[in-house]
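Novice: Residue numbers (UniProt numbering): 1 to 1003. Beta carbons are placed, not taken as given, at the ideal position from N, Cα and C, and that holds for glycine. Computed from a prediction, not measured in an experiment: that's the story for all the values here.
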Amino acid sequence: MTRRIRPSRMSEADAPADAAAGREIWIEKYRPERFEDIHGQEDIVARLQSYVERDDLPHLLFAGPAGTGKCVTGDTPVLTNRGIERVESVVGDVDGFGTPDDGVEVLSLTDANEFEYVEPSHVFGKEASELRRIETRDGETMEVTPEHKLLVLTKDGLTWKEADSVGDGDRIARPRRVPTPRVRAESESTAQSDVRLNWLENVDDERIRIRLTEEFASELGQPSTTISPDRLRALEPDTEALEAGVESIQYVNSVGRESRPVTPPWRLTPELARFVGLAVAEARIDGGRIKFYNTDNDLCDAFAEAARSLFGLEPKRGTQKDVPYVAVRSQTLTHLLRESFDVFRSASGDQGIGSTLVSGDDESRAAFVRAMFDGEAHVSDNGIIELTQKNGDHITLLSYLLSTFGIPSRRQTVQKSATNGSGIEREYHVLYVSGARNLRQFADEIGFSIERKRRRVETHARKEANPNHDTIPRQRAARQLCAELNLPTQSLLSDTLDPDSPGRKAHESELADVVAAATDRIEAAQETLAAIEQLSSELKSATAAPAEWVRAREQLEPITSRRDVSESTGVRSDRLLEYADGRRTPYVSRVTTLLSELDGEERDTTASDAGQTANIGRLNQELSACVDALGVSYERVAEGTDLRGTDVNQLLTADGQELDGLVRFETVADRLRELADGMLSLDVIERLDSISRVADADLYYDEVTSVETIKEPRRVYDLTVPSSRNYVAGTNPTVMHNTTSATAIARAVYGDDWQNNFLELNASDERGIDVVRDRIKNFARSSFGGYDHRVIFLDEADSLTDDAQAALRRTMEQFADNTRFILSCNYSSKIIDPIQSRCAVFRFSPLGDDAIAAQVEEIADAEGIEVTEDGLDALVYAASGDMRRAINALQAAATTGEVVDEEAVYLITSTARPEDIEEMVEAAIDGDFAAARSQLETLLVDTGMAGGDIIDQLHRSAWDFDLDDRTTIRLMERIGEADYRITAGANERVQLEALLASLAAEE
1 MTRRIRPSRM
11 SEADAPADAA
21 AGREIWIEKY
31 RPERFEDIHG
41 QEDIVARLQS
51 YVERDDLPHL
61 LFAGPAGTGK
71 CVTGDTPVLT
81 NRGIERVESV
91 VGDVDGFGTP
101 DDGVEVLSLT
111 DANEFEYVEP
121 SHVFGKEASE
131 LRRIETRDGE
141 TMEVTPEHKL
151 LVLTKDGLTW
161 KEADSVGDGD
171 RIARPRRVPT
181 PRVRAESEST
191 AQSDVRLNWL
201 ENVDDERIRI
211 RLTEEFASEL
221 GQPSTTISPD
231 RLRALEPDTE
241 ALEAGVESIQ
251 YVNSVGRESR
261 PVTPPWRLTP
271 ELARFVGLAV
281 AEARIDGGRI
291 KFYNTDNDLC
301 DAFAEAARSL
311 FGLEPKRGTQ
321 KDVPYVAVRS
331 QTLTHLLRES
341 FDVFRSASGD
351 QGIGSTLVSG
361 DDESRAAFVR
371 AMFDGEAHVS
381 DNGIIELTQK
391 NGDHITLLSY
401 LLSTFGIPSR
411 RQTVQKSATN
421 GSGIEREYHV
431 LYVSGARNLR
441 QFADEIGFSI
451 ERKRRRVETH
461 ARKEANPNHD
471 TIPRQRAARQ
481 LCAELNLPTQ
491 SLLSDTLDPD
501 SPGRKAHESE
511 LADVVAAATD
521 RIEAAQETLA
531 AIEQLSSELK
541 SATAAPAEWV
551 RAREQLEPIT
561 SRRDVSESTG
571 VRSDRLLEYA
581 DGRRTPYVSR
591 VTTLLSELDG
601 EERDTTASDA
611 GQTANIGRLN
621 QELSACVDAL
631 GVSYERVAEG
641 TDLRGTDVNQ
651 LLTADGQELD
661 GLVRFETVAD
671 RLRELADGML
681 SLDVIERLDS
691 ISRVADADLY
701 YDEVTSVETI
711 KEPRRVYDLT
721 VPSSRNYVAG
731 TNPTVMHNTT
741 SATAIARAVY
751 GDDWQNNFLE
761 LNASDERGID
771 VVRDRIKNFA
781 RSSFGGYDHR
791 VIFLDEADSL
801 TDDAQAALRR
811 TMEQFADNTR
821 FILSCNYSSK
831 IIDPIQSRCA
841 VFRFSPLGDD
851 AIAAQVEEIA
861 DAEGIEVTED
871 GLDALVYAAS
881 GDMRRAINAL
891 QAAATTGEVV
901 DEEAVYLITS
911 TARPEDIEEM
921 VEAAIDGDFA
931 AARSQLETLL
941 VDTGMAGGDI
951 IDQLHRSAWD
961 FDLDDRTTIR
971 LMERIGEADY
981 RITAGANERV
991 QLEALLASLA
1001 AEE
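#1: Rounded to a whole number of angstroms, what is the C-alpha to C-alpha distance between proline 229 and arginine 267?
#2: Starting from the N-terminal side, write out each stretch of the alpha helix (DSSP H) that is 4 residues or longer and does not extend beyond the stretch 135-205.
#3: For methionine 736, list the residues DSSP reports as bridge partners.
#4: May I ask you to list the residues that DSSP assigns as paired with phenylalanine 448?
#5: Do valine 178 and proline 733 come within 7 Å of each other at the CB atom, strictly closer than that value?
#6: Please name the residue, chosen from Glu247, His335, Ala241, that lies closest to glycine 287 on a Cα-to-Cα basis.
#7: Hey, quick one: how far does the beta strand (DSSP E) through lysine 316 stretch, first residue to last?
#8: Could you tell me whether the stretch 400-414 touches the stretch 132-149, where touching means 3 or more Cβ pairs closer than 8 Å?
#9: What's the gap between the Cα of leucine 481 and the Cα of aspartate 698?
#10: Near isoleucine 925, which residues of its chain fall below 7 Å by C-beta distance, leaving aside the five closest residues on each side in sequence?
#11: Skipping 5 residues on each side, what residues in its chain have a beta carbon closer than 7 Å to that of arginine 693?
#12: Following the continuous beta strand (DSSP E) through lysine 126, name the residue where it begins and the one where it ends.
#13: Would you mind stating whether threonine 396 and valine 195 have Cβ atoms separated by less than 7 Å?
#14: Spatial neighbours of serine 193 within its chain, please: CB distance less than 6 Å, with the 5 preceding and 5 following residues excluded, ordered by chain position.
#15: Using DSSP bridges, identify the partner residues of phenylalanine 821.
#16: Tell me the start and end of each unbroken alpha helix (DSSP H) in the stretch 345-412 that is at least 4 residues and wholly inside, in chain order.
#17: Compute the Euclidean distance between the alpha carbons of glutamate 247 and leucine 200, then round it to the nearest angstrom.
#18: Got a sec? Which residues, its chain only, sit under 6 Å from isoleucine 385 by beta carbon, not counting five neighbours each side?
#19: Per the contact definition of three or more C-beta pairs closer than 8 Å, is the stretch 542-555 in contact with the stretch 660-669?
#20: Which stretch, first to last residue, makes up the beta strand (DSSP E) that contains glutamine 250?
#21: Run through DSSP, which three-state label would glycine 277 get?
#22: In angstroms with no decimal places, state the Cα-to-Cα distance between glutamate 993 and arginine 838.
#23: Please name the residue, chosen from Pro264, Arg260, Phe303, Arg562, that lies closest to alanine 281 on a Cα-to-Cα basis.
#24: Could you please give the first and the last residue of the uninterrupted alpha helix (DSSP H) stretch that includes lysine 540?
#25: Rounding to the nearest angstrom, what Cα-Cα distance links proline 265 and asparagine 391 in this structure?
#26: Just the Cα atoms here: how many angstroms apart are aspartate 861 and valine 867?
#27: Can you give me the C-alpha to C-alpha distance between phenylalanine 344 and threonine 263, rounded to a whole angstrom?
#28: Can you round the beta-carbon distance between phenylalanine 341 and valine 430 to whole angstroms, since I take them to be within the 8 Å contact cut?
#29: With respect to the alpha helix (DSSP H) encompassing proline 914, which residues constitute its N-terminal and C-terminal limits?
#30: For glutamine 953, does the three-state DSSP call read helix, strand or coil?
#31: Give the secondary structure of valine 990 by DSSP, where H, G and I count as helix, E and B as strand, and everything else as coil.
#32: Please report the straight-line C-alpha distance between alanine 807 and isoleucine 832, rounded to a whole angstrom.
#33: Checking 7 Å against the spacing of the C-beta atoms, do glycine 435 and histidine 469 come in under that value?
#34: If you draw a straight line from the C-alpha of aspartate 374 to the C-alpha of arginine 260, how long is it?
#35: CA-CA distance, glycine 985 and glycine 927?
#36: Around the C-beta of asparagine 987, are 16 or more other C-beta atoms found within 10 angstroms, so that it is buried, or is it exposed?
And the structure:
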């Protein structure tokens, strides 16, 4: 019987099942987000809802079997390893989460403050009813959803700020220098010396004819030297032979008229990049003609020579309205350029920003940019480079290309009259490079080939840089850190810089100095703690010495004792009597000598005195070194004790020590330990990390000038980047945040604000003590948004080491007032008792068949998939209580055909039918070992099952077989033996055959 599960979402139902199944990861798409989405655990959900409703959430431990958006509008440019693309083309036509194209990577700012190309895990698309339009000083205009986050620099460091809370004056982070996709390739030793052009893949198969050499045509087995692109691609010739064997290409229009043939380039070179730059900047592209206008004869000569050398075409020169031009007429050339460079398509009015050029080597990228600036840029009297284009995509491309050389730029949209004298005002896009430092970088990396422009830029580049434009907020954490670590503020932080917005370069430099000094001081604090620990025995001895002397001095009262001690030590008998009755107290060095004699130890007195004096000397030396290492004064050490600074000074510097003063050593040591611990506190480390990120980041900060609300429905897109959670996008490169996942509890407790109060970690990915001590503590101690507590979810907590769990237990105690921990594990027995005792334990049983069937039916309905009754039963059986396994199996089976039936499910999941397992067991019990062994061979080879999976199915199905209890018990005993041996490393096939043989041999 076949049951049609009717789709409820026609937009997805209209697509084939395999297309729907292949675009998204369903276990992520249908992960429960709210309590009502959870199937099969009704009792647990009811208990959790009760906690939430009472606002009494405890620590939770979930034990059981293994079992959404911030967006930008579609026209937002994003930097990928394929070039600069609009985000809508990267995401594609998806509704909700989807799977990105294979191999696509986006540029992301890592936790190490470096930009790297990484693969997004998901793409996302949806309709948004409200947006924020954010405009900046540098001309960036971005339209994002209100919850979309931007990396903003405040006085308290770098932070992610939602667009809804971004305001005028906020400083948005932009990469100052971005790596090209080529850099990533070179690091993996896969890059060529230059970039290959893909014109053969892109040209029109019906319009282009390719001329081959006779030798190459013969090698390919072609009777003619003329071939179409699709035919040549189908032959899959060797790359080197292909490049050598193609003589020319020719465009043939719809009526058979042939254009002039062109010798096609295969790789991007500086000469080709310069030709494209000149054409895009100053040429008019009309059908089959490229007409380059410029009053500079050198540029006209360069364009003409490039047309000859690159394509074998002879240009025509002339003058139009007193402006010289160079014209190249070839439909073949314009078609070739359009299909090789998307920037050329953009110049012709089509979509495209830049891909080939962004991936070029330094010389080729610089050649393109130089050509654009040679042809179109103007250097003003005050040293600002201005370049104007009708096409805003060209300005975007130049902005990204300049950033690959570490040159920040600004842009602006203006209304101005066209240069053709028509007087009609049009919208133009202007790019600016200004500031002596940026001009120097431009002159060094790009430069002009036109002498007058080059001289003017070099003149202004030699001027002293004015920091008024490139400024950042002064970091408050720097002075706080200096105070907490006793660092010399005056020598590290200049008073001559602007108190609110100092120049970026100067402030980053002094922040780097603070980071270096703070790092040294923190290392000194760690060494101080270690040194004090090494002194523990000496400190205990020093503290105990006065009491020990009081106990022992009575032994000096008898005259006979004093006489013996006097002879051995040289101390007068009357003085010893004063010591005995307490009228006089000896110095420490004499006390140690006398104690040695009174204890009956016979040793050289001089050596004894020297040794004991050296111990006190070691305390003086080591503790004095600790004071110096921590940079604290004696008065600071004395704070909070009964001592004064002078007491500490005398204790650590005086040659002779009074006996009663020895107890002060431990007081000073405890105080130094307290000071060192304070320097190693989480607050200090967080402040150091904050200013370190600002000092080390290769970022440039744009300033928000306006924020406007747009209330109209728009389609928006996003990319999910694992770990770093951000990507570079925008018409000026800007660091954007991406989406994160959710949980039902966080949504129920915090509503729309759940992301700011919820931290999700996976212990199997980030194992060890550092996770507990660093990431968890950082989150638990950060500021709150008006809630009594925050939630930390630690998945697969049983993967944590014992040390990490012990540290987690201490952290749970430390932050019990404001943080709730939710731990998830497969085996609660692997969680230490002190943690279990602090949690409300929820033991999730494997899901029942009805719960899994209900979820499968919901997904099949939503995705428009036809599932048969026996197919549904097979999915439930294969899942064995694991919802994720059922969803994965449904998605995999949906890609194999139009109907998900029993056969498809068992094939995809490599699961044996229950009747096949029963047939094998019954044959063995009946004594037919050969038949049982044959069935086992089918399961292992044809079905592709692993031995462990067969054991699992035998165990699951044993009590369902038509066997008496005694036989079933015997079977379970044999299953247990085989499972143990296979787990211990024995051969699976041998153990399974032995299991069947033992059943066949017994009655």
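Specialist: On the basis of the supplied data:
#1: Against the sequence shown, residue 229 aligns to sequence position 229. Against the sequence shown, residue 267 aligns to sequence position 267. Taking the straight line joining both Cα atoms gives about 18 Å.
#2: 181-187, 199-202
#3: Translated into the one-based positions of the sequence shown, residue 736 becomes position 736. BP columns for methionine 736 point to Leu150, Tyr727.
#4: Position 448 of the sequence shown, counting from 1, holds the residue named residue 448. Answer is none; phenylalanine 448 lacks a bridge partner.
#5: Counting from one through the sequence shown, the residue named residue 733 turns up at place 733. Counting from one through the sequence shown, the residue named residue 178 turns up at place 178. Result yes, Cβ atoms of proline 733 and valine 178 sit closer than 7 Å.
#6: Residue 287 sits at position 287 when you count from the first residue of the sequence shown. Selected option, being the one with the closest Cα: His335.
#7: Residue 316 sits at position 316 when you count from the first residue of the sequence shown. It spans 316-320 - the beta strand (DSSP E) in which lysine 316 sits, taken as one unbroken run.
#8: yes
#9: Here residue 481 is taken as the residue at index 481 of the sequence shown, counted from 1. Here residue 698 is taken as the residue at index 698 of the sequence shown, counted from 1. One C-alpha to the other measures close to 22 Å.
#10: Translated into positions along the sequence shown, residue 925 becomes position 925. Same-chain partners within the cutoff: Thr967, Leu999.
#11: The count along the sequence shown starts at 1 and reaches residue 693 at position 693. Taken in chain order, the residues that qualify are Asn113, Gly157, Leu158.
#12: In the sequence shown, counting from the first residue as 1, residue 126 sits at position 126. Segment 122-128, the beta strand (DSSP E) holding lysine 126.
#13: Taking the first residue of the sequence shown as 1, we reach residue 396 at position 396. Taking the first residue of the sequence shown as 1, we reach residue 195 at position 195. Their beta carbons are not under 7 Å apart, which means threonine 396 does not touch valine 195 by this criterion.
#14: To locate residue 193, count along the sequence shown from 1; it is residue 193. Annotation note: pLDDT 47 at serine 193 (below 50); position unreliable, no value reported.
#15: The residue labelled residue 821 in the question sits at position 821 within the sequence shown. In DSSP, phenylalanine 821 forms a bridge with Ile792.
#16: 362-376, 392-403
#17: Mapped onto the sequence shown, residue 247 falls at position 247. Mapped onto the sequence shown, residue 200 falls at position 200. Near 13 Å, if we compare the C-alpha coordinates of leucine 200 and glutamate 247.
#18: Here residue 385 refers to the residue found at position 385 when the sequence shown is read from its first residue. Ala377, Val379, Val433.
#19: yes
#20: Here residue 250 is taken as the residue at index 250 of the sequence shown, counted from 1. Run containing glutamine 250: 246-251, per the beta strand (DSSP E) assignment.
#21: Taking the first residue of the sequence shown as position 1, residue 277 is located at position 277. The answer is helix: DSSP assigns glycine 277 an H, G or I state.
#22: If you number the sequence shown from 1, residue 993 lands on position 993. If you number the sequence shown from 1, residue 838 lands on position 838. Each residue's alpha carbon lies about 48 Å from the other.
#23: Looking up residue 281 in the sequence shown gives position 281. Cα-wise, what sits closest to alanine 281 is Phe303.
#24: As a first step, residue 540 must be located in the sequence shown, where it is residue number 540. Segment 536-552, the alpha helix (DSSP H) holding lysine 540.
#25: Walking along the sequence shown from the start, residue 265 turns up at place 265. Walking along the sequence shown from the start, residue 391 turns up at place 391. Each residue's Cα considered, the two are about 26 Å apart.
#26: Locating residue 861 in the sequence shown gives position 861, where the first residue counts as 1. Locating residue 867 in the sequence shown gives position 867, where the first residue counts as 1. Looking at the two C-alpha atoms, the distance is approximately 9 Å.
#27: By one-based count along the sequence shown, residue 344 stands at place 344. By one-based count along the sequence shown, residue 263 stands at place 263. The alpha-carbon atoms of phenylalanine 344 and threonine 263 are separated by roughly 18 Å.
#28: By 1-based counting over the sequence shown, the position of residue 341 is 341. By 1-based counting over the sequence shown, the position of residue 430 is 430. That belief does not hold up - the Cβ atoms of phenylalanine 341 and valine 430 are roughly 23 Å apart, past 8 Å.
#29: Sequence index remark: in the sequence shown, residue 914 carries index 914 (1-based). Taken as a continuous stretch (DSSP letters only), the alpha helix (DSSP H) holding proline 914 covers 914-925.
#30: Counting from one through the sequence shown, the residue named residue 953 turns up at place 953. Residue state, collapsed to three classes: helix.
#31: Here residue 990 is taken as the residue at index 990 of the sequence shown, counted from 1. It is helical.
#32: The count along the sequence shown starts at 1 and reaches residue 807 at position 807. The count along the sequence shown starts at 1 and reaches residue 832 at position 832. Distance between the alpha carbons of alanine 807 and isoleucine 832 is about 11 Å.
#33: Here residue 435 corresponds to residue number 435 of the sequence shown, with the count starting at 1. Here residue 469 corresponds to residue number 469 of the sequence shown, with the count starting at 1. Cβ atoms of glycine 435 and histidine 469: closer than 7 Å.
#34: Position 374 of the sequence shown, counting from 1, holds the residue named residue 374. Position 260 of the sequence shown, counting from 1, holds the residue named residue 260. Whole-angstrom Cα-Cα distance: 29 Å.
#35: Within the sequence shown, the letter at position 985 stands for residue 985. Within the sequence shown, the letter at position 927 stands for residue 927. Each residue's alpha carbon lies about 28 Å from the other.
#36: By 1-based counting over the sequence shown, the position of residue 987 is 987. Exposed, since its Cβ has fewer than 16 Cβ neighbours within 10 Å.
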